[in-house]
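**Q**
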Amino acid sequence: MPHTLASLVNHTALKLTVLAGEERLEAPVRWAHASELIDPVPYMEGGELLLITALKLDAEDAEATRRYVRRIAEAGVVGLGFAVGVNYEGVPQALVDAAREQGLPLLGVPRRTPFIAISKAVSAAVAADQYRAVTAGFEAQRELTRAALSAEGPAELLARLAAHLDGWAALYDASGAVVAAAPDWAARRAARLTDDVGRLRERPAPASSVVSDTDGDDRVELQSLGTGRRARGVLAVGTAAPLGTAERYAVHSAVALLTLTTERSRALQDAEQRLGDAVLKMLLAGEPDHARAVAGRLYGGLLDAPFRVVVAEPVAGEPSSGGAAGAGAVGVLDALADAMDSAAARTGEAVLAVPDGGRLIVLVTDGGAAADACAAYAAEAEARAGAQPRARGRAARAEAGNGAWVAVGLSAPTGPIAAANAYRQAEQALSVARRRGRALVEHEDVAAGSVLPLLADDAVRAFADGLLRALREHDATGRGDLVASLRAWLARHGQWDAAAADLGVHRHTLRYRMRRVEEILGRSLDDADVRMELWLALKATSAPQGE
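Numbering (the numbering used here), first residue to last: 4 to 550.
(1) Which residues in the same chain have their Cβ closer than 6 Å to the Cβ of Ala-184, if we skip the five residues on either side of it in sequence?
(2) Using alpha carbons as the reference points, say which of Gly-49, Leu-537, Val-81 and Val-254 lies closest to Glu-146.
(3) May I ask which residues mark the beginning and end of the alpha helix (DSSP H) holding Tyr-515?
(4) Please specify which runs of the beta strand (DSSP E), each continuous and at least 3 residues long, are wholly inside the stretch 25-99, giving them in chain order.
(5) Could you pull out every residue in the same chain whose Cβ sits closer than 6 Å to the Cβ of Val-182, ignoring the five residues on either side in sequence?
(6) Determine whether the beta carbon atoms of Ala-353 and Val-313 lie at a separation below 9 Å.
(7) Are the CB atoms of Gly-247 and Ala-130 nearer to each other than 9 Å?
(8) Just curious, the beta strand (DSSP E) that Thr-20 is in, first and last residue?
(9) So for Val-409, helix, strand or coil by DSSP?
(10) Identify the continuous alpha helix (DSSP H) that holds Ala-429 and give its terminal residues.
(11) Compare the C-alpha of Ala-274 against each of Pro-207, Asn-90, Ala-356 and Ala-378 and name the closest.
(12) For my contact list, Leu-513 and Trp-499 are in at a C-beta cut-off of 8 Å; report their separation, rounded to the angstrom.
(13) Out of Pro-309, Ala-384 and Val-297, point me to the one whose CA is closest to Leu-339's CA.
(14) Over what stretch of residues does the alpha helix (DSSP H) that includes Pro-108 continue unbroken?
(15) Is the beta carbon of Val-411 within less than 8 Å of some heavy atom of the ligand MN?
(16) For Arg-114, count the other beta carbons within 10 Å of its own beta carbon; 16 or more makes it buried, fewer makes it exposed. Which is it?
(17) Can you tell me the Cα-Cα spacing of Leu-260 and Leu-164, whole angstroms?
(18) In whole angstroms, give me the CA-to-CA distance for Ala-559 and Ala-423.
(19) May I ask which residues mark the beginning and end of the beta strand (DSSP E) holding Pro-157?
(20) Is the CB-CB distance between Ser-227 and Gln-144 below 9 Å?
(21) Do you know whose CA, among Thr-148, Asp-344, Thr-138 and Ala-315, lies nearest Glu-250's CA?
(22) Would you mind sorting Pro-108 into buried or exposed? The rule is 16 or more other CB atoms within 10 Å of its CB.
(23) Looking only at DSSP bridge pairs, what is Asp-359 linked to?
(24) Can you have a look at Ala-35 and say buried or exposed, based on whether 16 or more other CB atoms are within 10 angstroms of its CB?
(25) Classify Trp-188: buried if its beta carbon has 16 or more other beta carbons within 10 angstroms, exposed otherwise.
(26) From Pro-552 to Glu-430, what does the alpha carbon distance come to, in whole angstroms?
(27) Please determine, among Leu-524, Val-240, Phe-466 and Asn-13, the residue with the shortest C-alpha to C-alpha distance to Leu-28.
(28) Under a three-way DSSP split, which group does Gly-236 fall into?
(29) Starting from the Cα of Ala-346, find the closest Cα among Ala-372, Gly-361, Arg-195 and Val-335 and give me that residue.
(30) Please state whether DSSP places Val-354 in a helix, a strand or coil.
(31) Just list the beta strand (DSSP E) runs in the stretch 263-320, keeping only unbroken ones of 3 residues or longer that don't cross its boundaries, in chain order.
(32) Please state the DSSP three-state secondary structure of Trp-171.
(33) Can you tell me which residues form a DSSP beta bridge with Gly-241?
(34) Enumerate in chain order the residues of its own chain whose CB-to-CB distance from Pro-157 is below 6 Å, with the five nearest sequence positions on each side excluded.
(35) In angstroms, rounded to a whole number, what distance separates the CA positions of Met-535 and Thr-480?
(36) Answer yes or no: do Ala-376 and Ala-442 have a C-beta to C-beta separation smaller than 9 Å?
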């Protein structure tokens, strides 16, 4: 407990008397300081017991004394000790009245009690308090270390920490989800802080913040965990009052132990990632048996059930810009991987994630928690960028601004034998996602949908414009309508009468126009490839931008 004015008054060797401010004797005393300056405030920090003999202060001048007492009280001085029988035989009434007016405790110091005795008493009490705090901190550290090494691990550590703080504690994983809390009711309290945790995770570790909550009476501190560029987790502690020295030691010990745990887990994850990389290479090389042998218990369960291949790529700026990904864009890949890992860990399913240059390749159980987390993350990213559930092409991309996106391609369910084909499916879906400005596209959507949305590509449009330019220039002179005639003829699969009827012209007129198309383009309409290219060119140039 901190030393107080009351404990000084009760110190039998000092023989102090209380002359004013009896109601504030429980104020803690940080230090005792003697000063005869008329204005000692510049040298005060707050929390001091100021000792004076009134050598320079006219303590019988009511106005001067009132100004002096008011100034030191406003500066945070918690008490005033006056030496009786040194410069004044008694305590001036003006000083007593001024102290009572300010509610400042005034202590009479007898002549036989030197100021240094009071300073030593305060110093000894402060040192004893610090020793108790350090001792309690070391004891908390030992207790938390034993808890961290127990079978319950972080959960037991949080329980011990909450008891030591007489408050609550919660642990968030790398994705910002609550993974443990103590007591149990604290999980609901911690869930309300996910936005604050998210903001803290965006800062380089180590980082901390204090959170104010209008819905609760507690004071919450957030501490990031990890030693790298990104936080590997966050510790939250809630208490009724600011942390004291002993409590601060305990929190720092918990942060160190949890950081050590996360970094050790990170080393294991690196080893798992190297193993996963080998398994993935074998699958893509068409060696499923070897992949199963290497996967062992770690990834064997994943290969036994239908799985999907995820290929994710960061997108800097506009989703379809194709520009190089910056640090923020790379961070969305990390966040996506964290979200899938955390979801899988909660259900006990395996996830095989392998960074591949600037991309991320992941094998997830079909219909599992990791696949759902991937879809949820992509939907959230698309919503943040202003995109709608369906592609809006350039409009959606323009609304995305310069923020970081992640584009994801998802294969159809597959098994180890067809893993290479599933990888190609995921790559194709990823290409479509980037082109459409979507955060996630599944292969089933590409396979079951129309090819026409794929024509909304600048390169395709440029080819189409070049192929049809001569026909459009001919029509612009008013010498016929070759483009519309070609479209009608191709739409009717070369049926002259039906196409002529659609155009409202004689079939001989239509035959003449098709011969002019062949002459202008220098290509034969009897060639199926030519007809296909012209049809796609007509569709590409007639479709709205971004469809």
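Idealized CB from N, CA, C, for every residue including glycine.
**A** In short:
(1) Ala-173, Ala-190 and Ala-193
(2) Val-254
(3) 510-524
(4) 34-37, 51-55 and 82-86
(5) Leu-174 and Asp-176
(6) no
(7) no
(8) 20-23
(9) strand
(10) 422-439
(11) Ala-356
(12) 6 Å
(13) Ala-384
(14) First-last for Pro-108: undefined, no H or E at that position.
(15) Of ligands this structure carries none, so the ligand MN is not represented either.
(16) exposed
(17) 12 Å
(18) The structure shown does not extend to residue 559, since the chain is modelled only from 4 through 550, so no value can be given for it.
(19) Counting along the chain, Pro-157 falls outside any beta strand (DSSP E), though it belongs to the alpha helix (DSSP H) covering 157-168.
(20) no
(21) Thr-138
(22) buried
(23) Arg-362
(24) buried
(25) exposed
(26) In this structure the chain extends from 4 to 550, so residue 552 is not present and cannot be described.
(27) Asn-13
(28) strand
(29) Ala-372
(30) coil
(31) 310-319
(32) strand
(33) Trp-171 and Val-223
(34) Leu-174 and Ala-183
(35) 27 Å
(36) no
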